[in-house]
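Below is one structure, written out as structure tokens; the observations come after it.
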Amino acid sequence: MKYGGYKGKVLGINLTTKKTSTIEVTDEFARKYLGGNGFAARYLFDMVDPRMDAFDVTNIVAMMTGPFQGTNAPTAGKYYMATKSPLTNGYFDSVSGGFIGAQIKYAGYDGILITGKADKPTYLFVEDGRVEFKPAEKLWGKLTGETQESIKEEIGDPNLCVSAIGPAGENLVRYACVITEYRAAGRGGVGAVLGSKKLKAIAVRGSGTNEVADPEAYEAWMQWYKEEAKKVPAISTGLPTYGTPSLVASIGKMLGAMGSYNHQTEFFEDWENISGERLKKEFWDKDTACPTCPIACSKVFSAKSGKWKGAISEGPEYETIYSLGSMCGIDDLGAIIKGDSLCDEWGMDTVTYGVTVSFLMEAYEKGLVTRENTDGMEFKFGNDDLMIAYIEKTAKREGVGNLIAEGSLRAARIIGGGSERFAIQVKGLEIPGHSARALRGMALGYSTATRGGSHHDPRPTGEYAGVSDRKAVEGKAPWVIGTQQMTTIGDSLVNCHFLERVLGFTLTQKWVDAINPITGFGYTLEELTDVAERILDLERSFNVRVGIRRKDDTLPRRFLEEPIPEGPSQGMYTDEQTLNRMLDEFYALKGWDPKTGIPTREKLTRMGLEDVADCLSRSGISP
Amino acid sequence: MTVVVAQEKKPLIRFDLKKCAFCKICELSCSKYHYKKFGDSISRITIIRKGPLMFKYFICTRCEKRFCIPACPTKALSYKDGNIVVDPKLCNSCGDCVKACPFKGIKLHPETKLPLICDLCDGDPSCVKDCPKGALSLVWLPEARK
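Line by line, the protein sequences are chains A and B.
In this note's numbering, each residue's number is its place in the first sequence (first place is 1) plus 127.
In this note's numbering, each residue's number is its place in the second sequence (first place is 1) plus 53.
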């Protein structure tokens, strides 16, 4: 490998045969797909039959790194996981903080590809070039914290990095996550796919190193970054002081765009009770950071008094305050902290869990479900005991927990009665705390995102910052395309999307300047943009083979038909006609067929993906 | 540049648990300074996390008793200007110094197998310089104790 930031090989794991293999990462492959997201999109397209069930033995999990991992570049302490999602059925990826990404590099790999299914609970131990399939019967059923500690103890290395699933993953909760230390590859059910493979955990330790291509240019870039970051208040003071909960005031109060009571409103009256300022003042214990992150937006909070006294968690983040808090009508931060830590321990995504519970609460309010089918429980907004109690029941799929474990879309289809209208999801993935009604870009962004309701495909930040007018329709398609390209490159490097504040909300020369010293690619902005488009087209082509078309690029009916009823963003929404107008422009710019939303042969060829075009033709999908 | 210190003065890299955010930038700054590479296994400072609020750091504390020096069977270790110095010609990589250090301040380089001991980066410790939280500081004993 002549480029910097790579090890030149990916570790292949076959859980069925307990055999390992090495997949070479060539110079050309690295340059074409960059890392993380790009590598995984290519591997999944080539190796997974998208028509098969996500829990089928043929599904794979790609645990990837990019050229950033193992270096001290800001926010490089990440790792990337991708699989076919049991929640959306489409291509899905989840990025988490954790030093395990660096350890994979230090062990000599650019990633780990997990295929097959173990016959018994297993965990993987990778140490430099050595791989062990370890028995995990004793760990099965254990919470994520205890699992990590047990494995560190068994191996006898406190520096070992462990990514683990909880009981939710074992029991195939469709949004089960993977936990590393206290951070989650949260969304889309990567943990459930690992559970289906009976893989409890992945433990990695490497004694090697990672090197950048041009140390001098890299050092100069690091100095530049430090100076630039100082000039951005969100990065230099806002996030370090309050973390993401500071958004409760700016989004919830100022903008009135924080979904509440299952998005029956977006202005949470009691926003002050769940604000970042209050968290910091009354609940804060400690700042923490993902590895190599100078921002340290993460915080350990604990309840010092009240009903939930003693509850402690690294978090909650803004999204969790939204999903377990305002969405469920709960304004007790102690309950939200408790729920946050329980979701981590049992191993499930806080966003989908909270939004599914809030969906059920609205269904209960409307009489679509009654006590007879909710284990005799009052599924009322504001019931914090219920929100807490059903985390464990959902992880174990007990009672109505079995329904919650399916996510809001599947739950709506089971309940019926037109409830799908207020299942707050896109393509099956629950929408997080960034309004599709108050931010025009997020309406188009969620609709077209590979993952559906994810704020890490399109980004809301530029619209909050006023760089793109949140109400405008004109110019929104190129803006959304730009933010999706940026996140795709970010997920390939792999870095935290907060770098957008310094490097740009869309791809810019600053992104190019961050990549070249590490890799030595000598990318131009044009070539980097093509890398992003190539990856996005691969993801879309994967989804096209699942059956996803233009008709699926839409929003919950509630968002297309009901304006925000009150508050600073009162009256805002994107109706179907407006969404369609933006979609037309979006597909035209992407080079996707305007009728079907399928990437055209011409576009795929231009991206160097003729084989993908051939595959779509062979499958009878496109001419 | 070598720091010349009076015999009674002793440098110490002090750790403030309240400020540390467990970002590990110190580890990678250390490896970058000494080897122009990134890796925690070649870092002379180690931070580990024990539970949500407890982080521990391991580095040569320049302790009074210097357990490592007499533990070395080949006399490869000596104390000079506030630092434990390794003579690579004498060291046989037995690891006895690692075991002797009660502060877990020494580990062996995975390739050269030589002991990794903090040398203060020629007087301007890169871990201290790069810590974004100001959790590490270079202090001089005994004055700093007063």
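Cβ atoms here follow ideal geometry from the backbone N, Cα and C, with glycine treated the same way.
- Counted as a single uninterrupted DSSP element, the alpha helix (DSSP H) harbouring G568 (chain A) occupies residues R567 to T575.
- L706 (chain A) sits buried, since 16 or more C-beta atoms from the chains shown fall within 10 Å of its C-beta.
- For A539 (chain A), the secondary structure class from DSSP, reduced to helix, strand or coil, is helix.
- Among the residues facing chain A, A153 (chain B) is not included, as its CB has no counterpart in that chain under 8 Å away.
- At least one C-beta of chain B is nearer than 8 Å to the C-beta of C420 (chain A).
- Residue contact check for P372 (chain A) against chain B: no CB pair falls below 8 Å.
- Look at the stretch 479 to 491 of chain A: it has no residue with a C-beta under 7 Å from a C-beta of chain B.
- Taking a Cβ-Cβ threshold of 8 Å, the residues of chain A close to K85 (chain B) are N199, in chain order.
- In this structure, the straight-line span from the alpha carbon of G474 (chain A) to that of I187 (chain A) is close to 20 Å.
- The Cβ atoms of N400 (chain A) and L460 (chain A) lie closer than 8 Å to each other.
- The stretch 240 to 258 of chain A and the stretch 137 to 144 of chain A touch, with three or more beta-carbon pairs separated by less than 8 Å.
- Nothing from the stretch 635 to 661 of chain A brings a Cβ to less than 7 Å from some Cβ of chain B.
- Looking only at B:C144, B:C150 and B:C154, the smallest Cα-Cα distance to T165 (chain B) is reached by B:C144.
- In this structure, I101 (chain B) and N286 (chain A) form a Cβ contact; the two beta carbons are roughly 6 Å apart against a cut-off of 8 Å.
- CA-CA distance, G433 (chain A) to S402 (chain A), rounds to 17 Å.
- Sequence-distant partners of E627 (chain A) (beyond 5 residues in either direction) whose C-beta falls short of 7 Å from its own C-beta, in its chain, are R586, T588 and M613.
- In the three-state reduction of the DSSP assignment, Q552 (chain A) falls in the strand class.
- No Cβ-Cβ contact shorter than 8 Å links M190 (chain A) with I150 (chain A).
- At least 8 Å separates the beta-carbon of G333 (chain A) from that of L620 (chain A).
- Per the C-alpha coordinates, the member of A:M709, A:G268 and A:N643 positioned closest to E601 (chain A) is A:M709.
- Of the residues A:E489, A:E472 and A:R685, the one whose Cα lies closest to the Cα of E273 (chain A) is A:E472.
- In chain order, V671 and S749 place their CB closer than 6 Å to the CB of I725 (chain A), counting only its own chain and leaving out the 5 sequence neighbours on each side.
- Among the residues of chain B, those whose CB is under 7 Å from the CB of G335 (chain A) are G92, following chain order.
- Distances from the alpha-carbon of D149 (chain B) to those of B:Y132, B:P141, B:K133 and B:P168 put B:P168 closest.
- Only residues of its own chain outside the window of five on either side were considered, and among them M128 and V152 have a CB closer than 6 Å to the CB of G135 (chain A), listed in chain order.
- For Y233 (chain A) against N337 (chain A), the beta-carbon gap comes to about 7 Å, under 8 Å, which counts as contact.
- Collapsing the DSSP output to three states places C79 (chain B) in a helix.
- Restricted to the stretch 145 to 171 of chain A, the alpha helix (DSSP H) segments that are unbroken, complete and at least 4 residues in length are 154 to 160, listed in chain order.
- Residues are counted here when their Cβ sits less than 7 Å from a Cβ of chain B; for the stretch 409 to 439 of chain A these are D412, K413, D414, T415, A416, P418, T419, C420, P421, A423, V427 and I439, given in chain order.
- From the beta-carbon of N286 (chain A), the residues of chain B found nearer than 9 Å are D93, S94, T99 and I101.
- Going by C-alpha positions, S744 (chain A) is about 9 Å away from R728 (chain A).
- Closest option to D246 (chain A), judged by alpha-carbon separation, among A:V673, A:K325 and A:G543: A:K325.
- In the structure shown, C288 (chain A) falls within a strand segment according to DSSP collapsed to helix, strand and coil.
- For the C-beta of P342 (chain A), the chain B residues within less than 7 Å are, from N- to C-terminus, K89.
- Spanning the alpha carbons of G158 (chain B) and R537 (chain A) requires a straight line of approximately 54 Å.
- Distance from the CA of S485 (chain A) to the CA of D397 (chain A), rounded to the nearest whole angstrom, comes to 17 Å.
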